[in-house]
Amino acid sequence: MRHIIKDIKVHLVSMPVTGGFSDATRKVEMIGYTIVRLTTEDGVEGFGVTYHEVGGEATKVLIEKNIAPRLIGRDPFETEVIWQDLSQYLRGVGRKGLMFCALSAVDIALWDLKGKLLDLPLYRLFGGSQTKVPVYGSGGWTSYTDEELVEEMKGIVARGYQMVKFKVGYDGGTKPARDVERVRKVREAVGPGIGIMLDANNCWDAATGARFANMVKEYDIMFLEEPVCADDIPGLKRYKQSTDLPLATGEHEYTKYGARDLIMNNAADIVQLDGTRAGGFTEMLKIAALTQAWNLKFAPHAMENIHIHLVSAFSNALFLERLLLFEEITRNIYRNPPEPEKGFMTIPDLPGLGLKLNMDFIREHDEEFGTVYYIAKDSVGIGSV
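3 is the number of the first residue of the sequence shown in this note's numbering; add one for each residue after it.
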């Protein structure tokens with residue numbers, strides 16, 4: 003039986019962030035979701051998401067004005083053909099960035115539709131069987147005081163997480179010695195059995211990043227993420243040549259070609275492309291296969307409820323990342339999304355993504371029709387359990 007796409011709707015839901023959350027290179031002022039809903043002629047709906055932080059309005063217009071007319075009347079099972087068509091049609095206006103965020107959300111919606119039409123969860127369509135997937139808690143902004151940082155990391159551990167990640171690059175990356183001190187304090191606070199990962203958010207050059215890495219190795223660090231600008235592939239390679247502290251990067255790369263360039267240039271140990279930016283599931287399946295071919299680790303960036311299916315299916319996938327800053331909006335966007343328990347998340351026994359949208363909330367807060375709501379620093383849960 004052939005199924006036909008009849009309708010496409012796009013929603014923008016965001017939360018202005020108050021409280022001064024900053025990493026080494028930017029202040030976070032807003033977080034949110036761009037939500038794409040595809041409906042077939044027989045009434046089956048699939049959805050996909052990407053970020054709505056900067057440029058979500060442009061992503062929405064691109065989907066509605068340029069992508070939607072090329073999707074209406076298509077069969078959602080033609081994911082490869084549709085991906086190639088859209089990427090070629092739109093290549094002149096972007097082979098990275100917002101164009102691929104738009105394509106990613108659409109592609110994820112197509113896969114969600116396929117799973118629902120086949121009555122299978124996506125992890126099974128991808129060849130996976132594991133339903134419990136490791137997850138780590140990610141927060142710890144450089145704008146925190148040492149006490150706030152330690153308290154938040156202790157709070158994450160108290161919630162059952164076995165791994166945490168926090169930001170380094172204190173004072174814009176100008177004081178690596180202060181970062182070493184903050185790492186020491188966190189390690190002493192959480193104890194030896196908890197995994198610690200660090201994220202420098204592009205703030206250093208290769209020499210500074212390697213020097214810092216060698217200073218903190220004694221604290222049993224799992225990896226250092228983006229020690230240099232994500233576009234500085236030679237710098238990432240120089241970092242790797244100067245330290246054995248594993249290098250994680252890729253959240254700012256797009257498509258299999260971006261993953262290929264990282265891998266071929268020996269510029270990553272742990273590849274972190276994000277399926278809601280890099281091209282959706284159609285492209286992430288190829289990216290994950292590339293990491294396997296080069297015997298590297300695969301650990302998708304954020305969006306844990308989307309990436310859980312990929313991590314289940316690939317043997318070299320490490321874990322999910324759960325951003326504390328997104329917890330409130332995620333719980334409102336979805337109805338009863340899975341929550342971490344003792345450091346694991348369980349895939350819902352439902353078809354497709356296994357998620358149900360909370361359309362009452364989405365319609366109320368859709369920026370085109372509704373109201374915006376706010377998140378304050380304390381609501382993220384500094385020190386909470």
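Cβ coordinates follow ideal geometry from the N, Cα and C atoms, glycine included.
- In the displayed model, Val30 falls within coil according to three-state DSSP, outside both helix and strand.
- In summary, Lys67 is exposed, with fewer than 16 beta-carbon neighbours lying within 10 Å of its beta-carbon over all protein chains present.
- By the Cβ-count criterion, Gly45 is exposed, with fewer than 16 other Cβ atoms from all chains shown falling within 10 Å of its own Cβ.
- Within the region 130 to 216, the runs of beta strand (DSSP E) that reach at least 3 residues and sit entirely inside it are, in chain order, 134 to 140, 165 to 169, 197 to 201.
- Between the alpha carbons of Met17 and Glu366 lies a distance of about 13 angstroms.
- With the rule of 3 Cβ pairs closer than 8 angstroms, the region 85 to 93 does not count as touching the region 42 to 60.
- Less than 8 angstroms divides the Cβ of Tyr336 from the Cβ of Asn360.
- For His309, the uninterrupted alpha helix (DSSP H) segment begins and ends at 306 to 315.
- By the criterion of a C-beta distance shorter than 6 angstroms, Ile331 is surrounded in its chain by Met17, once the five residues flanking it on both sides are discounted.
- When secondary structure is reduced to three states using DSSP, Tyr125 falls in the helix class.
- Apart from the 5 residues on each side of it in sequence, Gly345 sits with its Cβ closer than 8 angstroms to the Cβ of Pro136, Val137, Tyr138, Gly162, Tyr163, Gln164, Met165 in its chain, given in chain order.
- A Cβ-Cβ separation of about 7 angstroms places Leu275 in contact with Pro302 under the 8 angstroms criterion.
- Following the DSSP letters along the chain, one finds Thr52 inside the beta strand (DSSP E) bounded by residues 47 to 53.
- Assigned with DSSP and collapsed to three states, Ala60 falls in helix.
- Note on geometry: alpha-carbon atoms of Thr52 and Ile7 lie some 20 angstroms from one another.
- Taken through DSSP and simplified to helix, strand or coil, Gly21 comes out as coil.
- Phe283 and Lys169 have their C-alpha atoms some 28 angstroms from each other.
- Counting only runs that start and end inside the region 321 to 357, the alpha helix (DSSP H) elements of at least 4 residues fall at 329 to 335.
- Of the residues Phe102, Met32, Met199, Pro78, the one whose Cα lies closest to the Cα of Met3 is Pro78.
- Residue range 223 to 227 is occupied by the beta strand (DSSP E) that includes Met224.
- The straight-line gap separating the alpha-carbon atoms of Arg240 and Ala250 is approximately 14 angstroms.
- Looking at the backbone, the Cα of Pro353 and that of Met217 are separated by about 47 angstroms.
- Shown here for Glu343: same chain residues with a beta carbon closer than 7 angstroms to its own, the five before and five after excluded, namely Gly162 in chain order.
- Where Leu115 is concerned, there is no enclosing beta strand (DSSP E), although the alpha helix (DSSP H) around it starts and stops at 100 to 120.
- Taking the Cβ atoms as the reference, Ile10 lies roughly 19 angstroms from Gly277, outside the contact range of under 8 angstroms.
- In the structure shown, Phe363 falls within a helical segment according to DSSP collapsed to helix, strand and coil.
- Nearest in C-alpha terms to Gly57, of all of Ile33, Leu40, Thr147, Phe49, is Ile33.
- Three or more beta-carbon pairs separated by less than 8 angstroms link the region 115 to 135 to the region 304 to 317, which places the two stretches in contact.
- Cα atoms of Leu124 and Lys288: separation of roughly 16 angstroms, rounded to the nearest angstrom.
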